[in-house]
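Enquirer: Quick one: the structure is below, questions incoming.
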Amino acid sequence: MTVPQTAAQASPINDEKTSLINHDVTPTSAVPAADGYLYSYNEINYVDFCSSWLNDSSNWGSCQDRSSSLWNNGFPGAYDDVWVFEGLNYTGAKRGLYQGAEIPNNAAYTFDGTSLSLNDNISSHRWTNL
Ligand SMILES: [Ca+2]
Ligand SMILES: [Ca+2]
Ligand SMILES: [Ca+2]
20 MTVPQTAAQA
30 SPINDEKTSL
40 INHDVTPTSA
50 VPAADGYLYS
60 YNEINYVDFC
70 SSWLNDSSNW
80 GSCQDRSSSL
90 WNNGFPGAYD
100 DVWVFEGLNY
110 TGAKRGLYQG
120 AEIPNNAAYT
130 FDGTSLSLND
140 NISSHRWTNL
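Going by my numbering, the first residue of the sequence shown is number 20, and it counts up by one from there.
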């Protein structure tokens, strides 16, 4: 797989209009081909890959509460965005990740309506339309 080579390439993340995290990609820019998966890494900057998911996951297993960087590489189209949840089984606080969102450091974000960091707290996710 291809991962963002530098944090600079993954910036800027644009969430100024909504609480959703959106990698600010223009349609004409060269970006890695979408493969339909959500990626999670245990360390920042896409280090220590833990798992990737094509479908929803109600329990991140050995990856839960360890994610420090994320990449929504879902196929553009229906259900290409993701809710990540603090709790198992899609419970607790959540945050939206737009298709294409690349997050080199989850600690830069909190779950909606909370001061709880995304870092080391995600336990489940579900694909959605945002
Ligand atoms: Ca971590
Ligand atoms: Ca959790
Ligand atoms: Ca979408």
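Even for Gly, the Cβ is constructed at its ideal location relative to N, Cα and C.
Keep in mind the model is a prediction, meaning the values are calculated, not measured.
Determine, using beta carbons only, whether Ile122 and Trp90 come nearer to each other than 9 Å.
Expert: Yes.
Enquirer: Comparing alpha-carbon positions, which option in Ser88, Ala97, Arg114 and Asn92 lies nearest Ala52?
Expert: Ranking the options by Cα distance to Ala52, first place goes to Asn92.
Enquirer: Which stretch, first to last residue, makes up the beta strand (DSSP E) that contains Trp146?
Expert: Counting along the chain, the beta strand (DSSP E) containing Trp146 begins and ends at Ser143 to Thr147.
Enquirer: Taking its Cβ as the centre, do 16 or more other Cβ atoms sit within 10 Å of Asp99, making it buried, or is it exposed?
Expert: Buried, because 16 or more other Cβ atoms sit within 10 Å of the Cβ of Asp99.
Enquirer: Please list, in chain order, all residues with a C-beta atom less than 6 Å from at least one heavy atom of ligand 3.
Expert: Every residue passing the under-6 Å Cβ criterion appears here: Asp99, Asp100, Gln118, Asn148 and Leu149.
Enquirer: Kindly examine ligand 2 and report whether one of its heavy atoms sits closer than 8 Å to the Cβ of Glu105.
Expert: Checking the Cβ of Glu105 against ligand 2 gives yes.
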